[in-house]
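Here's the structure we're looking at; comments come further down.
Numbering (the numbering used here), first residue to last: 608 to 1115.
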C-alpha cells in the first residue's frame, strides 16, 4: 500500500522580539463602545468629538426651533452628528419648549444632548441658571425616564463643584433615593453636624445605620412617614442636649475631624470638553461613615426612636440590639410622648352638626311671622313717641337712656409680646430675638406664667383663656424654640434651668 502520509515540519519562532503590532495598544472596551470619534482638520489641529460637539453647540445656541413633528432618536452616544435633519428640527423645537419651561414627551437621547450643552456652558450666562435648568430637566423627566437618575445626580454634583455653587446633598436625596458617592454623603453629613443638625434627613442617615431600616414591617406600613418627621427633630434634640450638658455636640463627641482627600473625575460618561473646567477635582472630606462609634451611636438613636414610635402607635414588636444610654433614651421618649400628645389634641375632630332641613324651613317661616308682627308694633310705638316728645325735654330723655344702659369700657386688642431690657442686645444672641418675634400672645403668657410664683395655676389660666390644653401650648413653644434657638425651651413643664438667665433680661 502506498504511504501518502507526510512528515510534519516545525518552524522555530524567536519570541524574544515583539512583533510590530505589539506597539499599538488595544483600546478599552468602554472607549470602543461609548465613543465615536469624529475629527476634522481646523487651523492645523484635529478636533476631538467633545470639542466638535461644543463648537456645534455654540453655533446652535441661539437657534429657536420651529414647530416640528416628533421623530424617534435613540443613540448610545447622542450628538448632533448622529441626528438626521428631521431629528435635528424636532430637537431644536423641543429645546425651545424646555427653555420656556414646557416639557413635551421626547426620547432619552434628546435629553442627553441638551444636558451635554448645559454641562459645557451652552445656554446660560450665569452658572446658577444652568444648574437650575439641569435640575428642572431632571425633575420633569425622571418619572418618564428613570435612567436619568443614574447620571443626573452625579452630573449635578460635578456641575456644582466646578462652578463652586452651594448645593445640599440632601436636596439631591429628596429628588431620588438612588446611590450617591460615600465621600459626598460624608461631606454633607459633616456640614449638617457642624451647624444645621435639624436639616438631617432620613435618607441621608441611611448610610450611617448598621442595618437596612427599609426591611422592617413597621417602616413599610406607615412608619417611614413618622420617622421622616421625627428623626431630624430627635437628632437636633440630642445634639443640643450634648452641647448643653457635655460642652460639645455630636460632631465633638466623636472627634470627627480627620480629613481625607480624593480625586473625583468630572462628568463621567458625558460628552464633556475637559479643557473647560478640567478633568477632575480634589475633594476633602471627613470619612464619617467609617467611624464605627458614630455609626453605632446613630443606630441606637434610631432604634430608640423607632421603638418609642412603635409603642405610641400600638405597633407590636420591638427592635433588639444595644440600647442608648438611659439619660438620652429618657430625653427622646419624653419628647416623643409630648409630640404625639400634641398631634392627638390637634386631630380631635369637632362634632358634626346635622341640619334638619324641614325643621329649618319651619323656623324660617315662624321667624318671618314674628318679624312682621314686631314691625307693626314698632310703628305703633314710634307714633306714640312722636306725640309725647313735646312734653319730654330731649336732654333728660337722653340722660335717662344712658343711665339705663351704662357705656362699657373698650376692650384692648393690643398683642402681648416679650419686652426686652435695653441691655439684652449686648448679652443675648440674635436667635433669642427671633424667638420672641415668632411667639404668639398665648405663648408669651405661657412664659410669664412659668416665670411666676405659681406656674401650674398660671399655665392652666392661660389654657382656659385661649380654649386649649397646657400640654399643647408648651409643645407649641418648644416647636418655635427648636426652629430658632435649636433647643427645647421647656422640659417637665418648666423652663430649662440653663435658660432661666435669659429671662432675667425680660421686663416684668
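Using N, Cα and C, we set each Cβ at its ideal position, and we do this for glycine too.
None of these values were measured; they are calculated from a predicted model.
Return helix, strand or coil for residue 1027, following the three-state DSSP convention. In this structure, residue 1027 counts as strand in the three-state DSSP scheme.
Would residue 844 pass as a contact of residue 810 if the rule is Cβ separation under 7 Å? No, the Cβ-Cβ distance between residue 844 and residue 810 is not below 7 Å.
Taking the runs of the alpha helix (DSSP H) that are 4 residues or longer, which of them lie wholly in the stretch 738 to 803? 755 to 769, 776 to 782, 789 to 802, all fully within the stretch 738 to 803.
Unbroken stretches of the alpha helix (DSSP H), 4 residues or longer, contained in the stretch 700 to 740: Contiguous alpha helix (DSSP H) elements confined to the stretch 700 to 740 occur at 715 to 726, taking only those with 4 or more residues.
Does the Cβ-Cβ distance between residue 877 and residue 726 come in under 7 Å? Cβ atoms of residue 877 and residue 726: closer than 7 Å.
Do you know offhand how far residue 925's Cα is from residue 860's? Taking the straight line from one Cα to the other gives about 28 Å.
With H, G and I counted as helix, E and B as strand and the rest as coil, what does DSSP make of residue 859? Looking at residue 859 - three-state DSSP - the assignment turns out to be helix.
What is the DSSP secondary structure of residue 1122, counted as helix, strand or coil? The displayed coordinates of the chain run from 608 to 1115. Any statement about residue 1122 would go beyond what the structure contains.
Assuming residue 672 and residue 699 are in contact, meaning their beta carbons sit under 8 Å apart, how far apart are those beta carbons, in whole angstroms? Confirmed, Cβ separation roughly 3 Å.
CA-to-CA distance, residue 1057 to residue 1101, given in whole angstroms: Roughly 6 Å between the two C-alpha positions.
Out of curiosity, what's the CA-to-CA distance linking residue 1067 and residue 1047? The straight-line gap from Cα to Cα measures roughly 17 Å.
Looking at C-alpha atoms only, which residue of 1032, 940, 1112 is the closest neighbour of residue 838? Comparing Cα positions, the closest option is 940.
Rounded to whole angstroms, what's the CA-CA distance from residue 953 to residue 1076? Just pull it up for me. About 10 Å.
Could you tell me which residues DSSP pairs with residue 1036 in its beta bridges? Partner(s): none; residue 1036 has no beta bridge.
DSSP state of residue 1092 mapped onto helix, strand, coil: In the three-state reduction of the DSSP assignment, residue 1092 falls in the coil class.
CB residue 680 to CB residue 723, shorter than 7 Å? The answer is no: Cβ separation not under 7 Å.
Cβ contact check for the stretch 904 to 912 and the stretch 871 to 888: 3 or more pairs under 8 Å: Touching, no, given that fewer than three Cβ pairs across the two stretches are closer than 8 Å.
C-beta contact flag for residue 576 and residue 750 at 7 Å: Here the chain comprises residues numbered 608 to 1115, so residue 576 is not present and cannot be evaluated.
Use the C-beta contact count for residue 879: other C-beta atoms within 10 angstroms, 16 or more gives buried, fewer gives exposed. Buried, by the Cβ-count rule.
Could you check what DSSP says for residue 881 in three-state terms: helix, strand or coil? Looking at residue 881 - three-state DSSP - the assignment turns out to be coil, as it is neither helix nor strand.
With 16 other Cβ atoms within 10 Å as the buried cut-off, status of residue 1114: Counting Cβ neighbours within 10 Å, residue 1114 comes out exposed, since fewer than 16 surround it.
For residue 600, the three-state DSSP class (helix, strand or coil): An answer regarding residue 600 cannot be provided, because it is not within the stretch 608 to 1115 covered by the chain.
Assuming residue 901 and residue 818 make a contact with CB atoms under 8 Å, what is their CB distance in whole Å? That pair is no contact at about 15 Å.
Just the Cα atoms here: how many angstroms apart are residue 1070 and residue 752? Looking at the backbone, the Cα of residue 1070 and that of residue 752 are separated by about 53 Å.
Bounding residues of the alpha helix (DSSP H) (the contiguous stretch that carries residue 662): Looking at the DSSP string, the run of the alpha helix (DSSP H) that includes residue 662 is 656 to 667.
Within the continuous beta strand (DSSP E) that includes residue 869, where are the two ends? Counting along the chain, the beta strand (DSSP E) containing residue 869 begins and ends at 867 to 872.
Sequence-distant residues of its chain with Cβ nearer than 6 Å to residue 856 (five each side left out): Take residue 856, set aside five residues on each side of it, and the residues of its chain with a beta-carbon closer than 6 Å to its own are 846, 849, 850, in chain order.
Tell me the rounded alpha-carbon separation between residue 831 and residue 695. Cα to Cα, the separation comes out at about 45 Å.
Have a look at residue 936 and residue 929 and give me their C-alpha separation to the nearest angstrom. Taken atom to atom, the span from the alpha-carbon of residue 936 to that of residue 929 is near 12 Å.
Return the CA-CA distance between residue 736 and residue 772, expressed in angstroms with no decimal places. Cα-Cα distance, rounded: 11 Å.
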